[in-house]
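Trainee: One structure, as structure tokens, below. Some questions next.
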Amino acid sequence: MPRLILSPRGARPTPAAPRARWLWDPRTTPLRSPVLLALGLAALILAGTLLLLLPISAREGRADVVVALFTATSAVTVTGLVVVDTRTYWSPFGQAIILALFQFGGLGFMLGVTALGLLLRGRLSIKQRVIVQEIGVGPSLGGQSRLVRNTFLFTFGSEAVGILLLWPRFASEYGVGRGLWLAVFHGVSAFTNAGFDVFGDSLVGFRADPFVLLTVAALIVLGALSLVVVGDVWRHRRWSRLSLDSKIVLLGTAVLLVGATVITLITERANPASIGGLPAGLRLLNAFFAAASRTAGFVTWDFAASDQRTTFFFLGLMFVGGAPGSMAGGIKITTAVLILAGVWSTLRGRPDATLLERRLPPSQLAQAHAVVILALALVANMALAISLLDGARLLAPFLSLLFEVTSAFGTVGFSAGVTPQLSTPGRVLLILTMFAGRLGPITVALTLVARRQRQPYRRISEGVRIG
Numbered sequence: 095m096p097r098l099i100l101s102p103r104g105a106r107p108t109p110a111a112p113r114a115r116w117l118w119d120p121r122t123t124p125l126r127s128p129v130l131l132a133l134g135l136a137a138l139i140l141a142g143t144l145l146l147l148l149p150i151s152a153r154e155g156r157a158d159v160v161v162a163l164f165t166a167t168s169a170v171t172v173t174g175l176v177v178v179d180t181r182t183y184w185s186p187f188g189q190a191i192i193l194a195l196f197q198f199g200g201l202g203f204m205l206g207v208t209a210l211g212l213l214l215r216g217r218l219s220i221k222q223r224v225i226v227q228e229i230g231v232g233p234s235l236g237g238q239s240r241l242v243r244n245t246f247l248f249t250f251g252s253e254a255v256g257i258l259l260l261w262p263r264f265a266s267e268y269g270v271g272r273g274l275w276l277a278v279f280h281g282v283s284a285f286t287n288a289g290f291d292v293f294g295d296s297l298v299g300f301r302a303d304p305f306v307l308l309t310v311a312a313l314i315v316l317g318a319l320s321l322v323v324v325g326d327v328w329r330h331r332r333w334s335r336l337s338l339d340s341k342i343v344l345l346g347t348a349v350l351l352v353g354a355t356v357i358t359l360i361t362e363r364a365n366p367a368s369i370g371g372l373p374a375g376l377r378l379l380n381a382f383f384a385a386a387s388r389t390a391g392f393v394t395w396d397f398a399a400s401d402q403r404t405t406f407f408f409l410g411l412m413f414v415g416g417a418p419g420s421m422a423g424g425i426k427i428t429t430a431v432l433i434l435a436g437v438w439s440t441l442r443g444r445p446d447a448t449l450l451e452r453r454l455p456p457s458q459l460a461q462a463h464a465v466v467i468l469a470l471a472l473v474a475n476m477a478l479a480i481s482l483l484d485g486a487r488l489l490a491p492f493l494s495l496l497f498e499v500t501s502a503f504g505t506v507g508f509s510a511g512v513t514p515q516l517s518t519p520g521r522v523l524l525i526l527t528m529f530a531g532r533l534g535p536i537t538v539a540l541t542l543v544a545r546r547q548r549q550p551y552r553r554i555s556e557g558v559r560i561g
């Protein structure tokens with residue numbers, strides 16, 4: 095039955111004109127639509143590109159369009175891959191724009207819009223509360239308004255502490271004013287897991303400085319944990335009272351940190367281009383920093399000179415990423431652990447996947463498999479496409495290219511020196527990879543949630559051969 099429009103007394107009601115299907119109607123399109131997430135991210139990238147194209151943004155004239163687009167995308171997606179040196183190519187104004195982009199990109203477009211609505215109206219709508227929960231920022235609907243406030247307090251509070259710690263160290267070497275700018279830029283870059291630097295060689299110059307490296311590492315890990323996990327630990331203080339999500343993130347982070355540190359020490363112990371020529375204490379420090387920076391991309395040696403075993407191992411670390419709802423990218427620690435738990439239960443012949451004395455919902459296992467398969471397909475196809483386009487001009491092996499693409503997808507920023515060698519089409523593909531990597535896992539999860547429906551009937555089951 096057609097919808098009727100009320101008319102003045104005496105007039106005949108007329109049917110409402112049908113709305114074109116391709117037009118977006120804000121009254122009917124849900125806030126959780128992945129299209130809105132993509133449009134918001136794209137709008138921020140476009141704004142950043144236009145600002146970086148201003149003559150005042152570059153040190154010498156106007157910036158190249160592709161360079162500006164690549165840099166804006168890398169900043170908004172908190173990746174950190176660059177095609178030009180941030181220190182020498184961009185002016186102080188341009189560097190400030192990049193800082194603003196990865197600050198807003200780290201907080202997330204949707205969380206920023208939600209918080210803006212909170213500040214303007216004093217409360218969140220039900221739809222806004224649902225979207226904040228579904229992207230992994232909160233566990234329940236009850237305290238979302240307070241949670242968004244706490245997210246901003248946690249973000250800016252952590253960054254402020256990091257800045258205050260780094261400022262005296264940088265001021266002693268670069269002066270008070272320059273030291274403050276360096277502390278602000280790298281403190282925010284560390285907490286947002288962006289990995290941008292204005293030193294020109296990341297943190298290579300501080301490889302023998304435990305204070306700087308441990309401060310930056312702490313900011314990176316905090317940003318990769320998410321407020322939900324930190325808040326859960328702060329409220330309950332006891333392991334037995336933590337949520338399963340928090341336990342998975344904390345255990346997974348600890349295992350990855352320790353495992354990556356040990357593997358790096360083993361594979362790089364005889365490599366003078368990395369940590370091979372350092373004393374034992376500094377070898378341990380730099381190996382730990384590399385492990386902590388697996389979601390951010392800060393380095394204390396040129397990763398292009400790393401042992402291939404290290405390169406291969408860090409492929410997996412970058413692909414996994416950090417916690418849901420955090421500053422880090424990747425498929426997320428919880429997704430990887432769900433996959434492993436499902437495989438382990440299958441090998442043991444158990445119908446239900448369990449973890450830490452909890453049964454895992456089959457629907458979440460299916461979603462985790464979907465995210466991983468799509469992510470693997472994206473990384474593999476992008477690496478193959480770039481290899482076909484630029485294979486003749488690349489000086490690095492295919493493993494280095496795969497490393498670069500995985501770094502883009504995981505929004506990490508580790509580089510094997512491939513990005514500056516890419517042609518314009520190759521850089522565009524890497525831009526799309528960064529965009530999809532930042533948006534992809536969230537989009538897949540929201541799409542699966544949005545399309546979840548109860549079927550009125552079930553088909554007859556029939557088994558097939560496996561293996």
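Mind the numbering: the sequence shown is residues 95 to 561 in this note's numbering, read in order. Don't be surprised by glycine CBs; every beta carbon is placed ideally from N, CA and C.
1. Is it the case that the stretch 301-314 contacts the stretch 192-204, given that we only count it when at least three CB pairs across the two stretches are under 8 Å?
2. Quick one, which of 154, 477 and 167 has its alpha-carbon nearest residue 137's?
3. Report back the beta-carbon spacing between residue 277 and residue 260 to the nearest angstrom; my notes put them in contact at under 8 Å.
4. Whole angstroms are fine: how far does the CA of residue 172 sit from the CA of residue 141?
5. With DSSP collapsed to three states, give me the class of residue 448.
6. Please report how far the alpha carbon of residue 426 lies from the alpha carbon of residue 354, in whole angstroms.
7. For the alpha helix (DSSP H) containing residue 55, name the first residue and the last one.
8. Can you tell which of 302, 253 and 163 has its C-alpha closest to the C-alpha of residue 284?
9. Pick out the complete alpha helix (DSSP H) segments inside the stretch 337-381, 4 residues or longer, and give them in chain order.
10. For the alpha helix (DSSP H) that residue 272 lies in, which residues bound it at each end?
11. Evaluate contact between the stretch 363-379 and the stretch 433-443, counting only Cβ atoms and requiring at least three cross-stretch pairs below 8 Å.
12. Would residue 291 and residue 182 qualify as a contact pair, given that the criterion is a beta-carbon distance under 9 Å?
13. Just mark residue 176 as buried or exposed, buried being the case when its beta carbon has 16 or more other beta carbons within 10 Å.
14. Per DSSP, what kind of secondary structure is residue 470 in: helix, strand or coil?
15. Measure how close the beta-carbons of residue 429 and residue 466 come, nearest whole angstrom, since I'm counting them as under 8 Å.
16. Quick check on the burial criterion: 16 or more other C-beta atoms within 10 angstroms. Buried or exposed for residue 375?
17. In this structure, what does DSSP give as the bridge partners for residue 453?
18. What is the DSSP secondary structure of residue 395, reduced to helix, strand or coil?
19. For residue 295, which residues does DSSP report across the bridge?
20. Whether or not the stretch 385-397 and the stretch 505-515 are in contact is what I'm after, with contact meaning three or more pairs of Cβ atoms, one per stretch, closer than 8 Å; do they touch?
21. For residue 333, report the span of its alpha helix (DSSP H) as first-last.
22. Would you call the stretch 144-163 and the stretch 183-191 touching, i.e. three or more CB-CB distances under 8 Å?
23. With DSSP run on the structure shown, which of helix, strand or coil describes residue 162?
24. Below 6 Å CB to CB, which residues in the same chain sit around residue 265 once its five sequence neighbours on both sides are set aside?
25. If residue 404 sits next to residue 358, beta carbons under 8 Å apart, how far is it from one beta carbon to the other, in whole angstroms?
26. Please name the residue in 533, 553 and 556 whose C-alpha comes closest to that of residue 133.
27. Taking the Cβ atom as the reference point for each residue, do residue 318 and residue 435 lie within a distance shorter than 9 Å?
28. From residue 351 to residue 145, what does the alpha carbon distance come to, in whole angstroms?
29. Could you pull out every residue in the same chain whose Cβ sits closer than 7 Å to the Cβ of residue 500, ignoring the five residues on either side in sequence?
30. Would you kindly work out how many angstroms separate the C-alpha atoms of residue 332 and residue 528, rounded to a whole number?
31. Short of 8 Å in beta carbon distance, which residues of its chain neighbour residue 122, apart from the five on each side in sequence? Order them along the chain.
32. Going by alpha carbons, who is nearest to residue 491 out of 407, 477 and 460?
33. Would you mind reading off the limits of the alpha helix (DSSP H) that contains residue 493?
34. If you draw a straight line from the alpha carbon of residue 334 to that of residue 321, how long is it in whole angstroms?
35. The alpha helix (DSSP H) with residue 410 in it runs from where to where?
36. CB-CB under 8 Å to residue 117, same chain, minus the five flanking residues each way: which ones, in chain order?
Mentor: If we stick to the structure as given:
1. no
2. Counting from 1 along the sequence shown, the entry for residue 137 is found at position 43. Closest by alpha carbon: 167.
3. Here residue 277 is taken as the residue at index 183 of the sequence shown, counted from 1. Here residue 260 is taken as the residue at index 166 of the sequence shown, counted from 1. Confirmed, about 4 Å.
4. Locating residue 141 in the sequence shown gives position 47, where the first residue counts as 1. Locating residue 172 in the sequence shown gives position 78, where the first residue counts as 1. Cα to Cα, residue 141 sits roughly 16 Å from residue 172.
5. For the purposes of this step, residue 448 is identified with residue 354 of the sequence shown, where counting begins at 1. Strand, per DSSP.
6. Here residue 426 is taken as the residue at index 332 of the sequence shown, counted from 1. Here residue 354 is taken as the residue at index 260 of the sequence shown, counted from 1. Going from the Cα of residue 426 to the Cα of residue 354 covers about 16 Å.
7. Given a span of 95 to 561 for the chain in the structure shown, any question on residue 55 remains unanswerable.
8. Residue mapping note: residue 284 aligns to position 190 of the sequence shown, counting from 1. Residue 253 is the option with its Cα nearest to residue 284.
9. 338-362
10. Stepping through the sequence shown from its first residue, residue 272 is reached at position 178. Looking at the DSSP string, the run of the alpha helix (DSSP H) that includes residue 272 is 270-285.
11. no
12. Sequence index remark: in the sequence shown, residue 291 carries index 197 (1-based). Sequence index remark: in the sequence shown, residue 182 carries index 88 (1-based). In this structure, residue 182 does not lie closer than 9 Å to residue 291 by Cβ.
13. In the sequence shown, counting from the first residue as 1, residue 176 sits at position 82. Classification of residue 176: buried, given that the 10 Å Cβ count is 16 or more.
14. In the sequence shown, the residue the question calls residue 470 occupies position 376. Correct three-state label for residue 470: helix.
15. In the sequence shown, the residue the question calls residue 429 occupies position 335. In the sequence shown, the residue the question calls residue 466 occupies position 372. The Cβ separation is near 6 Å, so the contact holds.
16. What you label residue 375 is simply residue 281 of the sequence shown in a count that begins at 1. Residue 375 should be labelled exposed.
17. By one-based count along the sequence shown, residue 453 stands at place 359. DSSP, once it has assigned bridges, lists 448 as partnering residue 453.
18. For this step, residue 395 is matched to residue 301 along the sequence shown. Coil, per DSSP.
19. As a first step, residue 295 must be located in the sequence shown, where it is residue number 201. BP columns for residue 295 point to 297.
20. yes
21. Here residue 333 refers to the residue found at position 239 when the sequence shown is read from its first residue. It is not in any alpha helix (DSSP H) - residue 333 carries neither H nor E in the DSSP assignment.
22. yes
23. Here residue 162 refers to the residue found at position 68 when the sequence shown is read from its first residue. In this structure, residue 162 counts as helix in the three-state DSSP scheme.
24. Counted from its first residue, the sequence shown places residue 265 at position 171. So the qualifying residues of the chain are 273.
25. Walking along the sequence shown from the start, residue 404 turns up at place 310. Walking along the sequence shown from the start, residue 358 turns up at place 264. Indeed, because the Cβ distance is near 6 Å, the residues count as touching under 8 Å.
26. By 1-based counting over the sequence shown, the position of residue 133 is 39. Here the closest residue by C-alpha is 533.
27. If you number the sequence shown from 1, residue 318 lands on position 224. If you number the sequence shown from 1, residue 435 lands on position 341. Against a cut-off of 9 Å, the Cβ pair of residue 435 and residue 318 comes out as no contact.
28. If you number the sequence shown from 1, residue 351 lands on position 257. If you number the sequence shown from 1, residue 145 lands on position 51. Taking the straight line from one Cα to the other gives about 38 Å.
29. Translated into positions along the sequence shown, residue 500 becomes position 406. The residues are 409, 412, 413 and 473.
30. Along the sequence shown, one-based indexing puts residue 332 at 238. Along the sequence shown, one-based indexing puts residue 528 at 434. Roughly 38 Å between the two C-alpha positions.
31. Within the sequence shown, numbered from 1, the residue matching residue 122 stands at position 28. Note that residue 122 has pLDDT 47, beneath the 50 cutoff, so the model's placement of it is unreliable and the number below is only indicative. Around residue 122: no qualifying Cβ.
32. As a working mapping, residue 491 is identified with position 397 in the sequence shown. Taking only the C-alpha atoms, the option nearest residue 491 is 477.
33. Against the sequence shown, residue 493 aligns to sequence position 399. Residue 493 -> alpha helix (DSSP H) spans 492-503.
34. As a working mapping, residue 334 is identified with position 240 in the sequence shown. As a working mapping, residue 321 is identified with position 227 in the sequence shown. Approximately 19 Å, taken between the alpha carbons.
35. The residue labelled residue 410 in the question sits at position 316 within the sequence shown. It spans 402-414 - the alpha helix (DSSP H) in which residue 410 sits, taken as one unbroken run.
36. Locating residue 117 in the sequence shown gives position 23, counting from the first residue. In this predicted model, residue 117 has a pLDDT of only 38, less than 50, meaning its place in the structure is not dependable enough to derive any value.
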